[in-house]
Ligand SMILES: Nc1nc2c(ncn2[C@@H]2O[C@H](COP(=O)(O)OP(=O)(O)O)[C@@H](O)[C@H]2O)c(=O)[nH]1
Ligand SMILES: [Mg+2]
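In our numbering, the protein residues as written are 127 to 720.
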C-alpha cells in the first residue's frame, strides 16, 4: 500500500492560522527574524532552576535553527530544495541516497557507530547555493569523505536534478551523542525530510519523537518504509500508515522500498527506488510545488520559533527575579550586620573590660565624678587639670578602643557572611553560584581584618581632626590646649560609644558614669551645643566607615550576580521580537498590500 503522491500538490496544508505564503517572507520578515535571532542570542540562563537544562538546550536549538536554516532560507527563497534523509540506525538511509543518485556518494555501513561527516549531493549547477555563507554556516565545507562531524561533504552529481539537493544525515538514534545532535541539527535545516524507517525499526520511539515534532511544526515529510521483506509489506505499511495518521502526518507521502539485493556498488536495484526518484524529480522540476514545500516547512519553523520564544522570555524573567531575590537576601544579611555593629557601638557594650579600665586610668573616677554631678561650672578647670598631661594614657585608651571596635566588626561580618551564605544555600541557583565562585563566602573575607583595622584608625583620625578643628575656636583655645587633642578625641569616642544613653545621662553605672565623665570633659572645653554636634558627626563618620567595610564584604556576593550578565529588559525584548515576526507572518498571509 502506497499513497500515490501528487508532485504538484505534495502536501496538503494545515496548521496555524492562515495558509503560509511566500508573501510573508520578504525583507520585513527577514529584519524581524534577524532581530529575533539577536534577542535570543543575548539571552542568559546561568542560574540553576528546575528544568533549566532543557530551556538552555531549547534556546540553543532555536538560535541554531535561525542561523542554519531560517535566515539563510528567507534570504534566498529561490535556493534549491534541500531534502534531508534521516531516520534510525541501519534503516538503509545511505544505501537509499546512493541508489537515488545512481552511484556511491556516501558510505553505507554495517559497523556502528559510524562517525562520518554528513554528505550533501547536489547538481553541479547548484554548487554556489551550498557555500558556507548560507545554510549550516558552522559546518566546514569539504570535498572528500572525512570523519569530522563538524564538516559537510559536498558532492556534485549530474544525476541529481537541478533545484534539489539530498543530504545523508547521521542516525537520529545513534549511540553517539554528537551524531544524534548533528542529525537533529541537519533535519532542522531541511526543507523536506525523507524519513527512512524499516520493517524492523518503524515502531521505535526516537524516530517517532522526531516525526511528532515534524507534525507539530508542519515540516514537509515524506516517509520511506525501507528494507521491508515482500511478505511483510502489507501488514507493516498498513500499520505504519495508521500510526502516521494518528500522529498528524496523514498527508505525508509514504513510499515503500522493498528489501532487495545490494550490488557491489552498494546500490539497490534501480526499480526499487524509482517511485521516490520520480517523485523527487517531479518536485524539483516544478518551481511552484517546490516553493510550496519550502514555505510550508519554513513557515512551520518560524511559527514554532515565535511560539517557543515566550517560554524563553519567561525563563529569562525568572532568572532576573531569582537574581534579585539572591541580591536582596545578601543585602539583608549585611544590613543586619551593619545594624548590629552600630547598635553594639552605641549601647555602651564597648565600654567594658580593657576600654573602661584604660579610660578610668586616664580620667580617674570617684571624686571627680561626684564633683561634676554637683556643680559643673566651678569644677571645670580643676577637671581639666586633673587629666592634663597624660598623653600615653590617652594612647592606651585609643588602642583598647581599636581592638574592641575591630572585634565587634569582625564578629558581625562573620555572622553576616554566614547568614548570606545560608540564604543562598536554600536554592539551587544560589548553591550553583557559591560553588562556581570558588571562594569561601560563608566566612568574612581574608582582607576584612586589615580593612577593619584601617577603617577604625581612619575613623579615629577623623575624630582627631574634628576635635582639632573645633579647638581652633578662640574661646576654647586655653582649655583645649590644657587638655590636649588626644585626650579630647578619646573623650569624644567614649561619648560615641555610649551614644544611645550617654547624651541623655539617664543611667549612671560605672560605664555610664565614665561616659558622662567624657561628655562633661568635652562640655567643659567646647560647650554643650558643640559636643552634641561633634558626637553626632563622629557617630555618622563611624557609620559610614562600617557601611563601607560591609559593602566590600557584600560585594563578594553581588559581584557574582553582576557577572551573570542578566538584563531585566531581555524578556520584553524577546516578546517584542516574537510579536514582530508574527506580525510579518500575518501581514503576508493577507496577501500583497494594495
Ligand atoms: N540486503 C539489503 N541490505 C540493505 C538494504 N538497505 C540497506 N542494506 C544494508 O544495511 C546496512 C545499513 O545500511 P545503510 O544504508 O548504511 O543504513 P543507514 O544507517 O540508514 O545509513 C548496510 O550494510 C546496507 O548494505 C536492502 O534493501 N537490502
Ligand atoms: Mg548512513
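Note that CB positions come from ideal geometry on N, CA and C, so glycine has one too.
What three-state label does DSSP hand residue i in the structure shown?
i, result
"residue 181", "helix"
"residue 598", "coil"
"residue 167", "helix"
"residue 205", "coil"
"residue 242", "coil"
"residue 586", "helix"
"residue 576", "helix"
"residue 267", "strand"
"residue 324", "strand"
"residue 248", "strand"
"residue 290", "strand"
"residue 570", "coil"
"residue 176", "coil"
"residue 615", "helix"
"residue 395", "coil"
"residue 693", "coil"
"residue 301", "coil"
"residue 147", "coil"
"residue 665", "helix"
"residue 553", "coil"
"residue 425", "helix"
"residue 440", "helix"
"residue 646", "helix"
"residue 230", "coil"
"residue 157", "helix"
"residue 478", "coil"
Measure the alpha-carbon distance for residue i versus residue j and round it to whole angstroms.
i, j, result
"residue 655", "residue 649", "8 Å"
"residue 208", "residue 199", "10 Å"
"residue 496", "residue 685", "For residue 496, the pLDDT reaches just 49, beneath the cut-off of 50, and the residue's location in the model is therefore unreliable, although a value from the coordinates is still provided. Roughly 55 Å separates the two Cα atoms."
"residue 394", "residue 382", "13 Å"
"residue 247", "residue 262", "15 Å"
"residue 688", "residue 641", "45 Å"
"residue 473", "residue 549", "28 Å"
"residue 174", "residue 554", "6 Å"
"residue 310", "residue 215", "14 Å"
"residue 336", "residue 460", "51 Å"
"residue 669", "residue 585", "10 Å"
"residue 665", "residue 691", "38 Å"
"residue 323", "residue 447", "46 Å"
"residue 408", "residue 379", "14 Å"
"residue 578", "residue 274", "58 Å"
"residue 561", "residue 567", "10 Å"
"residue 306", "residue 581", "60 Å"
"residue 623", "residue 697", "50 Å"
"residue 160", "residue 197", "7 Å"
"residue 739", "residue 313", "This structure gives no information on residue 739, because the portion of the chain shown stretches from 127 to 720."
Apart from the five residues just before and just after residue i, which ones in its own chain have a Cβ nearer than 6 Å to its Cβ?
i, result
"residue 421", "146 and 148"
"residue 410", "287, 289 and 290"
"residue 402", "381"
"residue 519", "487 and 488"
"residue 426", "343, 344 and 345"
"residue 569", "543"
"residue 558", "174"
"residue 530", "476 and 481"
"residue 251", "288"
"residue 545", "459"
Looking at the strands, I want to know which residues DSSP matches up with residue i.
i, result
"residue 319", "210 and 347"
"residue 381", "350"
"residue 277", "266"
"residue 282", "248"
By Cβ distance, which residues of its chain are closer than 8 Å to residue i, with the 5 residues on each side in sequence left out?
i, result
"residue 356", "384 and 385"
"residue 434", "184 and 188"
"residue 701", "435, 436 and 439"
"residue 593", "611, 614, 615, 618 and 660"
"residue 276", "243, 264, 265 and 266"
Using 8 Å as the limit for Cβ to Cβ distance, is residue i near chain C?
i, result
"residue 306", "In summary, chain C is missing from the structure at hand, where a single protein chain is found."
Within a Cβ cutoff of 7 Å, which residues of the same chain sit near residue i, ignoring the five residues on either side of it in sequence?
i, result
"residue 571", "679 and 682"
Any chance the CB of residue i is under 7 Å from a heavy atom of ligand 4?
i, result
"residue 325", "Ligands displayed in this structure: ligand 1 and ligand 2; ligand 4 is not among them."
Q) Are three or more beta carbon pairs between the stretch 181-189 and the stretch 254-267 nearer than 8 Å? A) Taking one beta carbon from each stretch, the stretch 181-189 and the stretch 254-267 have fewer than 3 pairs nearer than 8 Å; the two do not touch.
Q) Pairing CB atoms from the stretch 477-491 with CB atoms from the stretch 429-447, are three or more of them under 8 Å? A) A contact between stretches requires three or more CB pairs, one per stretch, nearer than 8 Å, and the stretch 477-491 fails this requirement with the stretch 429-447.
Q: Examine the Cβ distances between the stretch 171-178 and the stretch 288-308 and report whether three or more of them are shorter than 8 Å.
A: Short answer: they don't touch.
(Q) When you compare the stretch 672-687 with the stretch 608-621, are there three or more beta-carbon pairs, one atom per stretch, that lie closer than 8 Å? (A) No, because fewer than three Cβ pairs between the stretch 672-687 and the stretch 608-621 fall closer than 8 Å, the two stretches do not touch.
Q: Spell out a yes or no on whether the stretch 584-599 and the stretch 448-455 are touching, meaning 3 or more CB-CB pairs, one atom from each, closer than 8 Å.
A: Not touching, per the Cβ criterion.
Q) So, do the stretch 211-231 and the stretch 347-356 have three or more beta carbon pairs nearer to each other than 8 Å? A) Pairwise C-beta distances place the stretch 211-231 in contact with the stretch 347-356, as three or more of them are shorter than 8 Å.
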